[in-house]
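First to last, the sequence lines map onto chains A and U. Each residue of the first sequence is one higher than the one before, starting from 201 at the first, in our numbering. Each residue of the second sequence is one higher than the one before, starting from 201 at the first, in our numbering. Glycine included, every Cβ here is placed at the ideal spot set by N, Cα and C.
2 protein chains.
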Amino acid sequence: MPMTFPASHNYDVVGLGVSTVDILALVEHFPTGDDTQPALAMGVQGGGPVASALAALARLGARTAMLDALGDDWRARQILDEFAALGVETRFIVRRPGQSSGLASILVQAGSGQRAIVYSPKNAGDLLPEELPAALVQGARFLHLNGRHWAACLHAADLARQAGVRVSFDGGAGRYRPDLRQLLPLVDICIVARAFAAEYTACDAIRPAAQALLAEGPSLVVITDGVNGSWVFPKAAGSFHQPAFCMPQVVDTTGCGDAYHGAFLFGLLRGLPLRQTAALASAVAALNSQALGGRAALPSLPQVEAFLRAQVG
Amino acid sequence: MPMTFPASHNYDVVGLGVSTVDILALVEHFPTGDDTQPALAMGVQGGGPVASALAALARLGARTAMLDALGDDWRARQILDEFAALGVETRFIVRRPGQSSGLASILVQAGSGQRAIVYSPKNAGDLLPEELPAALVQGARFLHLNGRHWAACLHAADLARQAGVRVSFDGGAGRYRPDLRQLLPLVDICIVARAFAAEYTACDAIRPAAQALLAEGPSLVVITDGVNGSWVFPKAAGSFHQPAFCMPQVVDTTGCGDAYHGAFLFGLLRGLPLRQTAALASAVAALNSQALGGRAALPSLPQVEAFLRAQVG
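Listed below in structure tokens is the structure:
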């Protein structure tokens, strides 16, 4: 199944979000006081929901470009080097001398997979609407965003809608805020964490929450819930539950949600049926849990296809 | 008191050690499980005992050069950029493409100052004896080392002794190993943590431990013990205790021992009497506890002189 895209689309997915640097350490125990321990594994990886979704897309073979505002410090270099290695286009990223990107120190407990995150936000200012490369957004097949760079986000979504570019939204747990209600009418593909859906709709139950989100405008709503799997609700009929793939051993779930988003868009890009798309997204998320960090175990397309074949047995 | 050095000495102190990168986060609480918290402060700083001692020396105004083997990744760039900003000479550092330096993630609890350290060692190979710039070592006034790059360390100490360059040794807590017994006869200035002295000499008491260390060859032994201060034992008579300066509030003791080493050498370079040297070293260590990270609060010479004057009242 080779990928073919119309030549008129410069990039399959343009992402607008905030890239961060994650310092990850796999530890035997969480420290309770003065304590020195060797890490079982340690790594530095780019993070951020949109950025990691693009990483998953790039790994699967899609053509992606990131929009963001970075500083000029080592964090920016780390982020850019990693995008370059993955094949994510970075030349549209704005640089702001003297500013710096967000940093997170993440301890992952071996065995339990529990994660302790300590973070420090970026001080690089938001990307501004006038800094958006309009032609890039208008030439994409998908615009993927999560509400960061707020003014530019609304503008980009408007540009995309007017150009017939589908807008994909990532609503993460703990990231609900009221002004996102302005964005949802511009969104086509709305994939949100269960906690986000509950907060947005004031409803804990999956189906009514999904229907409330669909009423805002999207043509597709997906609610994700970690090991409990995901629920897919097209505006038309045909909703279904996609179970999570159960892995014998999970190393780190960092970035699994972001990987799900990226792979879901990949399935849509390929024109796969929704059920196959959801299975692909779940498989990529499951495979991504097999190494420390949000991107270390992102599979290539042949890898995830082999995994899915093995699941069928 | 302007510093004057003979022109024949290219550098005041040449350091041979292992530079690392510390990712520091000041936190309200240590995590006990799944947990996300904003850092009260977060920073990235170079670390490593010898490297941070040189940082303290450079900040005080001494001319220093570092010897080490680094990779070519972002950690190496971070280490080199920081040395450059401090004025520590880096052009003798060997680079090994594809290798990487040690990394530590350090959570510091606000208030208690307790530190939880998770570390991952370097994979860059040791500096080799044949990679040592002999003339640099022979032209220094002090060679400062802590037993890392072991073969090069022994060779450098030999070169220094033959050239009349004083050798300074840092023995940190938990860093005792039997082969260091080969090194101590080549050492002039031996400043070690109390735990190191106890392990080396199998003696918990300060005075007999110091005397056992003096019997190995050094002309000066100092035993440091954090807030309990330090004990100074010259080979000749005149031992004394230097109390630690009590700071109203301690943010982070990371690197305070390293700062003590650097400042102690600075006092010796200036020809200060031992009591003044020990007071200077204690003051620099105390001041360094006032910010997050091993180097963020290293004082300049006017700053530490003002602090010492204020202590006298």
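Look at the region 317-388 of chain A and you find these whole runs of beta strand (DSSP E), each 3 residues long or longer: 342-345 and 366-371.
In the DSSP assignment, R315(A) is bridged to V308(A). Of D222(A), R475(A), A269(A) and L480(A), the smallest CA-CA separation from G438(A) is found for R475(A). DSSP, read as helix, strand or coil, puts S300(U) in coil. Annotation: Y376(U) to C353(U) spans about 15 Å, alpha carbon to alpha carbon. Pairing N346(A) with D281(U), the inter-Cα distance amounts to about 34 Å.
Close partners of Q314(U) in chain A (Cβ separation under 7 Å): G233 and D234. Between G243(U) and V221(U) a beta carbon distance of about 11 Å is seen, past the 8 Å cut, so the two are scored as non-contacting. Out of F507(A), A398(A) and V432(A), the CA that lies nearest to the CA of P473(A) is found in V432(A). Here the C-alpha atom of F396(A) lies approximately 24 Å from the C-alpha atom of V450(A). Only exposed fits A436(A), as fewer than 16 other CB atoms lie within 10 angstroms of its CB. When the five nearest sequence neighbours on each side are left out, the beta carbons in the same chain lying within less than 7 Å of the beta carbon of A258(U) are those of T264, L286, G287 and V288, in order along the chain. By the criterion of at least three beta-carbon pairs nearer than 8 Å, the region 498-508 of chain A is not in contact with the region 211-219 of chain U. From the beta-carbon of R277(U), the residues of chain A found nearer than 8 Å are W274 and R277. Interface criterion met: the Cβ of P238(U) is under 8 Å from a Cβ in chain A.
Neighbourhood of F230(U) in chain A, by CB distance below 9 Å: F230, P231, T232, G233, D235 and A316, in chain order.
Pairing E228(A) with A310(A) gives a Cβ-Cβ distance under 8 Å. Within chain U, V318 have C-beta atoms less than 8 Å from the C-beta of V227(A), given in sequence order. Within the region 279-305 of chain A, the residues whose Cβ lies closer than 7 Å to any Cβ of chain U are, in chain order, L303 and S305. Across the structure, P385(A) and S419(A) are spaced so that their CA atoms are roughly 10 Å apart. In the displayed model, I293(U) falls within coil according to three-state DSSP, outside both helix and strand.
Between A276(A) and the set Q411(A), G471(A), G302(A) and A255(A), the nearest pair of CA atoms involves G302(A). In this structure, the straight-line span from the alpha carbon of N428(A) to that of T236(A) is close to 36 Å. Taking 8 Å as the CB threshold, L492(A) stays off the interface with chain U.
Within the DSSP secondary-structure output, A225(A) pairs in a beta bridge with M242(A) and L307(A). For a Cβ distance threshold of 8 Å, residue set I223, L303 and S305 of chain U lies close to I223(A), ordered along the chain. D452(U) and A491(U) do touch by the CB rule: their CB atoms are close to 7 Å apart, below 8 Å. The DSSP-derived three-state label of G426(A) is helix. W431(U) is bridged by DSSP to I423(U) and H441(U). Contacts with chain A at 8 Å (Cβ-Cβ) do not include M266(U).
When C-alpha distances from P378(U) are compared across G493(U), G455(U), T401(U) and W274(U), the shortest belongs to T401(U). Rounded to whole angstroms, P238(A) and K322(U) show a C-alpha spacing of 12 Å. Annotated as proximal: F466(A) and L260(A), with beta-carbon spacing under 8 Å.
CA-CA distance, L469(A) to T424(A), rounds to 20 Å.
Between A225(U) and L307(U), the CB-CB gap stays under 8 Å.
The three-state reading of DSSP puts D281(U) in helix, counting H, G and I together.
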